[in-house]
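In what follows, a single structure is set out as structure tokens and then discussed.
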Amino acid sequence: MKPFRDMRLAEAFRIQLAAPDDFEGWRDAARRMVRADVPPDRITWESPADPGADLFAQGDRRLPSPPADAPQPRVSRDFLQLAQSVILHSDSTRFSLLYRVLWRLQSRPRLMEDKADPDVRSMEDLARQVRRDIHKMRAFVRFRSVEGEGSERYVAWFEPEHHILRANAGFFVRRFTTMRWSILTPRGTLHWDGEALQEGPPATRADAPSGDPVEALWRKYYASIFNPARLKVGAMLKEMPRKYWKNMPEAALIPELIAGAQAREAQMVKAGEQDFGERPQSLGAIGEAILGCRRCEIGCNGTRAVMGEGPSSAALMIVGEQPGDTEEEQGRPFIGPAGRLLRSHLEEAGISDERTYVTNAVKHFKFVPRGKRRLHQNPTAKEIDICRWWLDGERALVQPRLILALGASAARSLLGKTVSVQKVRGEPQALADGSELWITTHPSYLLRLHDHGRAEEEAKFAKDLRKVAQRLSELSA
Ligand code: URA
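Read in order, the letters of the sequence shown correspond to residues 1 to 477 in UniProt numbering.
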């Protein structure tokens, strides 16, 4: 009897996927084809949005049936993760690239580790371009308000380069949960009514409104955060390519701002100051403004900024490092594991929520993705220094008598220099505005210790908090 492969040699198959980002459809068909031993050059892959795709083609209804005892294909986790991004690329050869790599993985299970392999490199390149497009959409979508039946609706027009619309939907739902909005693109549309998300057909630019008061707001905001001292035209164009400008109200200001930048920079250098424009005058306004902050790379990573929380006349301000995964999702500081540990120690020390304003040195969550998880990364000194402007705004409004910095990043933010927490903890320092700074370790540090010295470190942390509690009661006596 002929081996199975020989029987198939002459046959070619055409596989029509349901959508350009149909990962499950591709995966199911690819598994079946590998099990049936069909080599890559025997398959044509198509999806409705590919150039030249036959919209009426059904694909082959009779795909080969693998033998019952054919093993399941070997797939590495690296491959699957990358493939989910690659499939969103607009390159019509992506499906066959993925199948070729899957096919090769069967005889070379560690293929994905070979970073010089042309197929692996192509996958990584496509995935990188997709990630960049996802990021650009998160950063550059601009909503315009339209009069709805009774309630306000926001509509944005965006032209993604790849099939990222569905993959980005969750982000916009989380960030703009309470708004009613539509995002229109030439690849499809998303509509959120505050409760449910619906997908719709592609739109044209003419379907989207152009110009309304939201634009004026964006322009004013952008002009106020524009910092001539940090202007690097090349870098700016790389981050905010010209092709996005037409949908961004603030872009109209760019030529004018660049022209005036040098003069303003010279003035600022003379005055020795960092100028981020006029500071918002209420905690609410800071909370709004940080959402659009793009002054550092963390602000550009598409996460939601988290504002401080607590009474606006709190005697104690607690400053952490940056929101974590849970905080970013829920938009509130210190509500994840580190927050729970902190709050239980505050309670034990007798420091009540009513006297405490809790915030962070850095307002956005810096992370590296690992599969479905987002792993915390420390902010750099530069990122802390850039974000200090917001913390200074909160300090000017709350005017706390005491400030408790948790960990090295918070300490840097408040002192403007890096210090060793272990050396400076537990002793107060006077700050220029008359408040008193106390420094201790960050509760996340305690959590990371597990059993290794945790009890001892936690006891020191509790002691530091008791000193702060004692000082608080002295000040209010
Ligand atoms: N860690 C922080 O520093 N801040 C938070 O809000 C949460 C965890």
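We treat Cβ as the ideally placed atom computed from N, Cα and C, and that holds for glycine.
Only a predicted model underlies this, so the values are computations on that prediction, with no experimental measurement involved.
**Request:** Determine the direct distance from the alpha carbon of P400 to that of K372, and round the result to whole angstroms.
**Result:** 39 Å
**Prompt:** Name the DSSP bridge partner or partners of residue 478?
**Reply:** The chain is shown from 1 up to 477; residue 478 falls before or after that span and cannot be answered.
**Asked** Taking the beta strand (DSSP E) that T441 falls in, what are its first and last residues?
**Response** Element bounds for T441: n/a, residue is neither H nor E.
**Request:** Let me know the secondary structure DSSP gives P71 once reduced to three states.
**Result:** coil
**Asked** Roughly how many angstroms lie between the CA atoms of R139 and L126, to the nearest whole one?
**Response** Reading the sequence as shown, one finds Ala at residue 139 and not Arg. One C-alpha to the other measures close to 20 Å.
**Request:** Whole angstroms is fine: what's the gap from E329's alpha carbon to V362's?
**Result:** 16 Å
**Prompt:** Using 8 Å as the Cβ pair cut-off and three pairs as the minimum, do the stretch 99-115 and the stretch 129-138 touch?
**Reply:** no
**Item:** Cβ-Cβ separation, P379 to Q322 (assumed contact under 8 Å), whole Å
**Value:** 6 Å
**Message:** Counting C-beta neighbours from all protein chains within 10 Å, is the total for H442 16 or more, i.e. buried, or is it exposed?
**Reply:** buried
**Asked** Given that a residue counts as buried once 16 or more other Cβ atoms are within 10 Å of its Cβ, and exposed if not, what is H345?
**Response** buried
**Item:** Residue burial classification, T440 (beta-carbon count within 10 angstroms, cutoff 16)
**Value:** buried
**Message:** What ranges does the beta strand (DSSP E) occupy inside the stretch 372-398, keeping only unbroken runs of at least 3 residues that lie completely in it?
**Reply:** 373-376
**Which of helix, strand or coil DSSP assigns to F365** = coil
**Item:** Buried/exposed call for R448, threshold 16 Cβ in 10 Å
**Value:** exposed
**Asked** Which term fits V358, buried or exposed, when burial requires 16 or more other beta carbons within 10 angstroms of its beta carbon?
**Response** buried
**Asked** Regarding L316 and ligand 1, is the C-beta to nearest heavy atom distance less than 7 Å?
**Response** no
**Asked** How would you call G393, buried or exposed, if buried means at least 16 neighbouring beta carbons within 10 angstroms?
**Response** buried
**Message:** Give me the residue from D433, I290, V419 with the minimum Cα distance to G302.
**Reply:** I290
**Item:** Cβ neighbours of A18 in the same chain (closer than 7 Å, five flanking residues each side left out)
**Value:** G25
**Prompt:** Within this structure, are the beta carbons of R74 and Q106 separated by less than 8 Å?
**Reply:** yes
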